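J.:
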Amino acid sequence: SKEAKRRLRKPALVHLAYAKVIKKLNFCG
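Following the UniProt record's numbering, the numbering of the sequence shown begins with 1 at its first residue and continues without gaps.
Structural data, given as structure tokens:
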């Protein structure tokens, strides 16, 4: 699908978002 292709095209952005979420979880936890 188009959504999947968009995600694959920007792995760096996804990685950054993932890191932010993990940092938030670690900070709150």
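Idealized CB from N, CA, C, for every residue including glycine.
This structure is a prediction, so every number in the text was calculated from the model and none was measured.
State the DSSP-derived secondary structure class of LYS2, mapped to helix, strand or coil.
T.: Working through the sequence shown from its first residue, we reach residue 2 at position 2. If DSSP states are grouped into helix, strand and coil, LYS2 belongs with the helices.
J.: Just the C-alpha distance for LYS24 and ALA17, rounded to the nearest angstrom, thanks.
T.: Within the sequence shown, numbered from 1, the residue matching residue 24 stands at position 24. Within the sequence shown, numbered from 1, the residue matching residue 17 stands at position 17. Cα to Cα, LYS24 sits roughly 11 angstroms from ALA17.
J.: Could you give the DSSP three-state label for LYS20: helix, strand or coil?
T.: The sequence position of residue 20 within the sequence shown is 20, counting from 1. The answer is helix: DSSP assigns LYS20 an H, G or I state.
J.: Which value, in whole angstroms, describes the spacing of the CA atoms of ARG9 and ILE22?
T.: Taking the first residue of the sequence shown as 1, we reach residue 9 at position 9. Taking the first residue of the sequence shown as 1, we reach residue 22 at position 22. Cα to Cα, the separation comes out at about 22 angstroms.
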